[in-house]
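Enquirer: Have a look at this one before I ask anything.
Residue numbers (this note's numbering), protein chains in the order written: chain A, 1 to 169; chain B, 1001 to 1213.
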C-alpha cells in the first residue's frame, strides 16, 4: 500500500518551491502564534473540561475538552498532548493534537504534522503540514467573492465541446 | 496568486523527474476541467485520496466544499465476498465516505485517480451506485485507466502540482496484472455515465472524464 508519510513528504518537496510566499507568510503567522501563546490562557495537560468554552482571549489546550469552544476574534491552539471533542469557532485555529469536531476559522486553520483531525473545516485558508492526518471536508470561500456567491448557484459550466475520444491501445 | 493552468503539448507529456520517488505527468483533461470551473459558482468536490496540501491549494481559489474522506485503504479492502449484498456495500461505503451520513452532498467533481483499476467490479459498480445519490446532474468523474499489461500492485498517490502537472508517487516496485479496461467494459462499470473526453498519456495511463448520460 502507499506509504502516506513518504507520499506527503515527496509531494510537499515538489510543491515547496512554489510556495515561498506562502511559507514566509506562514512563518510570520507561526512567529505571531508563539508571541500570542505567552499571553494566552492555557488548559493544562491534566485538566478535563466537559461543556462549552467561551471567552475573550486566546486559548491553548493541552488537556481534554468535550463540548464546544467559541472564541470569536481569538486564536485556539490544540497542543500535541490535547484530545478535543468539540466544534471550534475562532479566528485562527492551530491543531497539533487530536480533534474530533468541526472548525470554523475566520482567518485560517493550520493542521500541524502531529495533528489528527476528524471533522469539517470552514475557513478561507487551510494549511495541512506534512504528516498531518485529516478526514472530513473543507469549505473554502475566497473573501473577494464572498458576497457574490452567498447563495449556492448552479455548478460548473457545461463543456459544450464534443467528446474527444482516443481509444486505448 | 495562481496563474491559469496551462498544459504542455501531448508530445512532451510525462517528463520523468525521479524514478525512485515518483514522477510528474501532464494531465491535459484534468487541467482543462480545473480551468473550466467558474470562480463565481459553488462547487462540491470529492477526492478519495488522503488529504494533501496540493489538492487544498488547487481549490482554494474557488468557492467550494472539498470532501477528503481519505478512504482509499477502506475502499481497496472491500471485496465482493465480504460485501455480498447491496446493504453491506451501502454500509461499508457510508462508513468509508463517512461524512455523507450527516450531510447532503451534491458533487460536481469526483476524483477517483487510478482506483477503478484496483476495485473489483461489483464493488466499483456499488461505489458508483452509492455516489449517484450524491451527484449533481452536471457531475464530472475523472480517473486514469492503466493500459499496460502490468500496473503497480497498489494505487498510487497523486497530487496536483502548482505548475500544472500531476505528481505520481511510486508506491513500491511490485506489479500486478492490469485489468486492461477497454472503453466498452469500462462504461459497463460506470453505467450512468458517458465518456466526455479521453486521452492516452505517454506513461501508459488513459485519462478519462465522464459525464452523466
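Even glycine gets a Cβ: it sits at the ideal position worked out from N, Cα and C.
1. With a threshold of 7 Å, establish whether the CB of residue 1153 of chain B neighbours any heavy atom of the ligand HEM.
2. Does the segment 1044 to 1053 of chain B come close enough to the segment 1187 to 1198 of chain B to have 3 or more Cβ pairs within less than 8 Å?
3. Any chance the segment 1089 to 1100 of chain B sits against the segment 1127 to 1136 of chain B, with 3 or more Cβ pairs inside 8 Å?
4. Would you mind sorting residue 1165 of chain B into buried or exposed? The rule is 16 or more other CB atoms within 10 Å of its CB.
5. Quick one: measure Cβ to Cβ for residue 1150 of chain B and residue 1175 of chain B, integer angstroms, because I've assumed they're closer than 8 Å.
6. Run through DSSP, which three-state label would residue 72 of chain A get?
7. Who are the Cβ neighbours of residue 79 of chain A in its own chain at under 7 Å, not counting the five residues just before and after it?
8. Which first and last residues belong to the alpha helix (DSSP H) in which residue 1094 of chain B is found?
9. Using a Cβ-Cβ distance under 8 Å, would residue 140 of chain A count as near chain B?
10. Within 10 angstroms of its Cβ, does residue 47 of chain A collect 16 or more other Cβ (buried), or is it exposed?
11. Roughly how many whole angstroms lie between the Cα atoms of residue 1208 of chain B and residue 1195 of chain B?
12. Which of helix, strand or coil does DSSP assign to residue 120 of chain A?
13. From residue 1029 of chain B to residue 105 of chain A, what distance separates their C-alpha atoms?
14. Using only the alpha-carbon positions, how far apart do residue 65 of chain A and residue 44 of chain A sit?
15. Which of the three DSSP states is assigned to residue 1076 of chain B in this structure?
16. Report yes or no: is there a C-beta of chain B within less than 8 Å of the C-beta of residue 27 of chain A?
17. Which residues in the same chain as residue 107 of chain A place their Cβ atom closer than 8 Å to its Cβ, once the five residues preceding and following it in sequence are excluded?
18. Return no unless some Cβ of chain A is closer than 8 Å to the Cβ of residue 1060 of chain B.
19. Under 8 Å, Cβ to Cβ, is there at least one residue of chain A near residue 1174 of chain B?
20. Would you say residue 166 of chain A lies against chain B (beta-carbon separation less than 8 Å)?
Expert: Based on what the coordinates show:
1. In terms of ligand content, the structure shown is empty, and the ligand HEM therefore cannot be addressed.
2. no
3. yes
4. buried
5. 4 Å
6. strand
7. 60, 61, 62, 96, 97
8. 1086 to 1096
9. yes
10. exposed
11. 7 Å
12. strand
13. 33 Å
14. 11 Å
15. helix
16. Residue placement at residue 27 of chain A is poorly supported in this model, since its pLDDT is 46, which falls under 50; the coordinates are not used for a value here.
17. 91, 92, 123, 124, 125
18. yes
19. no
20. Residue confidence is low: residue 166 of chain A scores 39 on pLDDT, short of 50, so the model does not pin down where it sits. Its coordinate-derived value is still stated next. Answer yes: the Cβ-Cβ gap between residue 166 of chain A and chain B drops below 8 Å somewhere.
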